[in-house]
Amino acid sequence: MRIHNFSAGPGALPEPVLRAAQDALWEHGSHGIGIAECSHRSPQFEEVLQSAKSRLKTLMSLGDDQHVLFLQGGARQQFYQIPMNVLRGGRATYLDTGTWSAGAIDDARRYGTVDVGFSSREQRYHRVPTQGEWGTLPEGTVYLHYTSNNTVAGTEYHYVPDAGDAMLVCDMSSDILSRPVDGSGFDLIYAGAQKNMGPSGVTVVVVSDRFLAACDDTMPGLLHYPTEVKKDSMLNTPNTFGIFVIDEVLGWVLDQGLDALDAKNGAQADAIYGLIDELPRYRGLAEKASRSRMNVTFTTGDAALDTLFWKQALEEGLSGLKGHRSVGGLRASLYNAQTDAAVEALASYMRRFAAEHGEDG
Ligand SMILES: Cc1ncc(COP(=O)(O)O)c(C=O)c1O
């Protein structure tokens, strides 16, 4: 029996996609073989790859100067692949808003100077900066890097930072395609697929010609974006099944419409934040203006009670509510595929739990 899944990633996938993947594993279309069994160079897979690229381009309003790649190594590989290619001893500004941006900063420091334009680390990453709060970028800044949604802290930018003349680089792993975003202004976007786009094992990268022109051509092929673009993500064998699932998810997103998903995601997040604000038993971990619609982080204010909350929830068929190990507390992930039924079940559980474990214990 399937239960409600609030995992931060790999996360819930849309039911029609799971059903299509089930069928395609056995026989993909009329090809007579499964999607995981065909050559990555076959017309069968080529069609999937081109479809996924073109669907993403449509959904993100990408320009002709932008290229879609399906790479491996996780989002984390991008932490070093980006500076390795374009920093080359120069400087970049990073906005430090959580575990993942801090990881990106650590890796970038190996390849040049990192200016940390903003950090909420001392406040347990409770917020993201407002537009321009990082001030003027230093002369010669190659790029501005930010993490659009902070999966662990539960914060999200509700605007696109202005990078001025510098290139704009974004880790969009946990909120890509959760609402309409004009992707045409970005020089590099990367996202591990395993939250809003598909299974783990594929990193979607969108890279601009401007970024490609800045790349170090001495990089080995697998780490060199221009080579990956030239080879259409097939310098080595890509994760064919993962890309197939992504293509199915992108088709589903197109069917739903980004505006509708945006509204659904907003309503689901509002329902849970509403309870956090209404019931004194709970406290949200993020500052209100920075709250993430994808990962709602909260606590009862008592570590033992938090543990009881997610353990008892699991017994009731609500999984994945334990906060990230680095921050503790509770976290409900409400990605695109999250159903209203799951959110209603969580809301009802939260009410009951608060009634049973009121402020006075
Ligand atoms: C925002 C963000 N960036 C990067 C990562 C790391 O992704 P991966 O495990 O694909 O390397 C994660 C994983 O949860 C994430 O949420």
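Residues in the sequence shown are numbered from 22 upward in steps of one, following the working numbering.
Cβ atoms here follow ideal geometry from the backbone N, Cα and C, with glycine treated the same way.
This structure is a prediction, so every number in the text was calculated from the model and none was measured.
Can you give me the start and stop residues for the alpha helix (DSSP H) that residue i sits inside?
i	result
A288	L279 to E299
A363	D361 to E377
F232	D230 to A234
G124	T120 to A129
L80	P64 to L80
D168	Note that residue 168 is Thr in the sequence shown here, rather than Asp. Not the alpha helix (DSSP H): T168 falls in the beta strand (DSSP E), residues T162 to T168.
Where does residue i sit, in a helix, a strand or coil, going by DSSP?
i	result
I197	coil
D327	helix
L39	helix
I267	helix
D381	With a pLDDT of 45 at D381, under the threshold of 50, the predicted position of this residue should be treated as unreliable, and no value is reported.
G344	coil
Y101	helix
G272	helix
Q93	coil
T224	strand
Y211	strand
N257	coil
D86	coil
L243	helix
D44	helix
V190	strand
G305	strand
N357	coil
E337	coil
E154	coil
In terms of alpha-carbon separation, which member of the options lies closest to residue i?
i	options	result
D85	V69, A73 and S205	S205
L165	L296, N260, G322 and V181	V181
L77	G30, S194, A234 and L198	L198
A353	E336, L329 and Q289	Q289
F100	A113, A362 and L339	A113
T172	K216, A376, L90 and L243	K216
Y246	Q71, S75 and F91	F91
V266	S221, L256 and L243	S221
A123	Y294, E143, F374 and V107	E143
N260	E377, A29 and C59	C59
Is it right to say residue i is buried, meaning 16 or more other beta carbons lie within 10 angstroms of its own, or is it exposed?
i	result
D298	exposed
D117	buried
W273	buried
A184	buried
D268	buried
P35	buried
A376	exposed
Alpha carbon to alpha carbon, what distance is there between residue j and residue i?
i	j	result
G263	Q359	20 Å
K343	A214	21 Å
P31	Q333	22 Å
I56	A42	9 Å
D381	R109	Low confidence applies to D381: its pLDDT is 45, below 50, so where it sits in the model is not reliable enough to give any reading.
D136	M240	24 Å
V227	A174	25 Å
S195	L339	20 Å
L271	M218	7 Å
D158	A362	The residue asked about is misnamed: residue 158 is Leu in this sequence, not Asp. Each residue's Cα considered, the two are about 45 Å apart.
S311	L296	17 Å
R64	Y178	One point to set straight first is that residue 64 is Pro, not Arg, in the sequence displayed. Cα-Cα distance, rounded: 40 Å.
F319	P301	12 Å
What residue range is occupied by the uninterrupted beta strand (DSSP E) comprising residue i?
i	result
M218	Neither: M218 is in no beta strand (DSSP E) and is coded neither H nor E.
A113	R112 to D117
T320	N316 to T320
T134	T134 to S140
V250	Per DSSP, V250 belongs to no beta strand (DSSP E); it is in the alpha helix (DSSP H), Y246 to K251.
R352	L351 to S354
Quiz prompt | By C-beta, the residues closer than 6 Å to any heavy atom of ligand 3, given in chain order | solution = Ligand 3 is absent from the structure shown, which contains only ligand 1.
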